[in-house]
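So the sequence shown is numbered by the working numbering: it starts at 7 and just counts up by one.
In what follows, a single structure is set out as structure tokens and then discussed.
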Amino acid sequence: MSDKSASNAMWGGRFAAGPDAIMEAINASIGFDRRLARQDIDGSRAHAAMLAAQGIISDKDAAAIREGLLTVLSEIEAGTFDFSTALEDIHMNVEARLRDLIGEAAGRLHTARSRNDQVAVDFRLWVRDQCDAAEAGLVALQKALLGQAEQGADWVMPGFTHLQTAQPVTWGHHMMAYVEMFGRDRSRFADARARMNESPLGAAALAGTPFPIDREATARALGFDRPMANSLDAVSARDFALEFLSAASICAMHLSRLAEELVIWSSAQFRFVAMSDRWSTGSSIMPQKRNPDAAELLRAKIGRIFGANVALMTVMKGLPLAYSKDMQEDKEQVFDAADTLMLALAAMTGMVGDMAAQPDNLRAAASAGFSTATDLADWLVREAGLPFRDAHHATGALVAEAERRGCDLPDLPLEAMQAVNPAITGDVYSVLGVDNSVASRLSYGGTAPDQVRAQIARWRADLG
Ligand code: ARG
């Protein structure tokens, strides 16, 4: 990165001296906004073409600008571009290089435009791409979960509330719960994308421009649905970035819950899943260890995304209209959050795809902890006509009895059951097995394998 001092070539007309070195350091954004290079050049090309079509600049200048911008882009992509801190940001770096390449015509590009609408359009284009990337990453993760669900649609495992054994559920049902969550995450990104897809270009500094520009044309050229209707709003809005961060935060929260389950499930105490070697590490001192580092790191990295959301909310709160330099602080937060989200999605997709659920361990755990106590209470309601509260009480007494004997509910002798409630018959044993328990929960959205398979089929048709 070179350092051309003296007064700024882009706006230094009224300045006698260059900025203090610290001023330059706090002011420059080129260290990070160079990631907007492609979007900046796309926006400039659309703007130049429109200026020529409207007769605001000549076709000859527009052609030179177009060619020059393509050269700048290829230099940036090849890594040969010399970024300058003195030129502050990506917009002025690109324009200065364009002037080196094509001379005076470069100075006409900024007609009827300001860096305020320029950065707004660049950043919107960038965040829009990230919504698409998040969507694609989520689809891949859903497919990995769906594969797990298909494999174990009827594998019985304990379902938990308070992380205490509650009722048996199926592995497929548990996997599909996450497919639903990540489906809603996708729709949040899609909603945000649809709302952000309006063009700020042509708002100029804040008030619009006296030049006869065509904002519809530039909006269309950049894939936006329409131009933004208020120029003050166009240059000061960052809610599009905040919507991305909010959707990313909720998605990250879901990822972190799944990561936590993987950490628990892969522990020696649970052994519900064996994580692949590809996603585990060993310990340098304890030879038996297989640590689920990827899941732990994912669980922790999520904090960066929440942090970005809070940071940008804080930057934006209390800013008067229209543009303030505070808004330059939007980009690093969003870049880091987007990078973190994509890494987390990729890691989770890999872990889920490669993990091996352990059906025998799942089943053994499902049968422990009196997991079919609710089935027993339901039987008392259905077959013995007890009010549910009374059935609940009687079942509690039976659980206590089983606990005292050190056995599970299906192992309690009939006499012991009848001692608690004489209406109990041998038929009760038919509901105490875990397979019967899950198969009976056929209500829509319930854990019965038939229900789970129907949900899997619906998603399979949707995801391909
Ligand atoms: N680097 C600036 C940003 O990211 C670009 C806009 C600068 N506008 C200005 N009026 N100084 O926000």
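Yeah, the Cβ is synthetic: ideal placement off N, Cα and C, and Gly gets one too.
All figures in this text were calculated on a predicted structure; none of them were measured in a lab.
Near Ile462, which residues of its chain fall below 8 Å by C-beta distance, leaving aside the five closest residues on each side in sequence?
Leu152, Ala155, Glu156, Ala159, Gly178, Met182
Delimiting residues of the alpha helix (DSSP H) encompassing Gln148
121-157
For Asp46 and Ala370, the rounded distance between their alpha carbons
59 Å
Excluding the five sequence neighbours on either side, which residues of its own chain have a C-beta within less than 6 Å of the C-beta of Arg447, listed in chain order?
Thr453, Ala454
Check each candidate in Asn236, Lys307, Ala280 and name the one with the smallest Cα separation from Arg263.
Lys307
N- and C-terminal bounds of the beta strand (DSSP E) containing Phe472
Residue coverage of the chain in this structure runs from 7 to 470, which leaves residue 472 outside it and unanswerable.
Rounded to a whole number of angstroms, what is the C-alpha to C-alpha distance between Ser64 and Ala58?
6 Å
Taking three-plus beta-carbon pairs below 8 Å as touching, is the region 401-411 in contact with the region 436-444?
no
Have a look at the DSSP bridge pairing and note the partners of Thr4.
Because the chain is modelled from 7 through 470, residue 4 falls outside the range shown and cannot be assessed.
Would the region 317-337 count as touching the region 236-245 if we require 3 or more Cβ pairs under 8 Å?
yes
Can Ala196 and Glu141 be called in contact, C-beta distance under 8 Å?
yes
Does the contact criterion of 3 or more C-beta pairs under 8 Å hold for the region 88-106 versus the region 210-229?
no
I need the straight-line Cα distance from Ala209 to Trp132, nearest angstrom please.
19 Å
When the distance is taken between beta carbons, is Leu79 closer than 8 Å to Ala43?
yes
Within the present structure, is the beta-carbon of Ser80 separated from the nearest heavy atom of the ligand SAM by less than 7 Å?
For the structure depicted, the ligand SAM is absent and the ligand set comprises only the ligand ARG.
I'd like to check one pair, Ser35 with Ala22: are the Cβ atoms closer than 8 Å?
no
Thinking just about the alpha-carbon of each residue, which of Leu303, Ser286, Lys337 is nearest to the one in Arg244?
Lys337
Relative to the ligand ARG, is the shortest distance from any of its heavy atoms to the C-beta of Ser255 smaller than 7 Å?
no
Just verifying my parser: in three-state terms, what is the DSSP assignment at Gln275?
coil
Do you know offhand how far Asp396's Cα is from Met187's?
37 Å
Mapping the DSSP letters down to three states, classify Lys203 as helix, strand or coil.
Lys is not the amino acid found at residue 203; the sequence shown has Asn there. Asn203 falls in the coil class under three-state DSSP.
Less than 8 Å between the beta carbons of Val162 and Thr176, yes or no?
yes
Contiguous alpha helix (DSSP H) assignments of at least 4 residues, all confined to the region 277-362:
299-322, 336-360
Where do the ends of the alpha helix (DSSP H) carrying Met16 lie?
That residue, Met16, is in no alpha helix (DSSP H); it is neither H nor E in DSSP.
Checking the sheet assignment: what are the DSSP bridge partners for Ser193?
DSSP output for Ser193 lists no bridge partner at all.
Flag His168 as yes when its Cβ comes closer than 7 Å to any non-hydrogen atom of the ligand ARG, and as no otherwise.
no
Evaluate Val316 with the Cβ neighbour count: other Cβ atoms within 10 Å of its Cβ, from every protein chain shown; 16 or more gives buried, anything less gives exposed.
exposed
Taking 7 Å as the limit between beta carbons, can you name the residues of its chain near Gly74, skipping five residues before and five after?
Leu104, Leu107, Ile108, Ala112
When the Cα atoms are used, what is the spatial distance from Pro419 to Trp285?
47 Å
Rounded to a whole number of angstroms, what is the C-alpha to C-alpha distance between Ile471 and Asp67?
The structure shown does not extend to residue 471, since the chain is modelled only from 7 through 470, so no value can be given for it.
Taking Ser282 and Met361 to be in contact with their CB atoms under 8 Å, please state how far apart those CB atoms are, rounded to whole angstroms.
6 Å
Exposed or buried, which one is Thr346 when buried takes at least 16 other CB atoms within 10 Å?
buried
Using 8 Å as the Cβ pair cut-off and three pairs as the minimum, do the region 291-298 and the region 378-395 touch?
no
May I ask you to check if the CB of Glu94 is nearer than 7 Å to at least one heavy atom of the ligand ARG?
yes
Could you give the distance in angstroms between the alpha-carbon of Asn99 and the alpha-carbon of Leu115?
14 Å
By the 10 Å Cβ neighbour count, where 16 or more other Cβ atoms means buried, how is Glu409 classified, buried or exposed?
exposed
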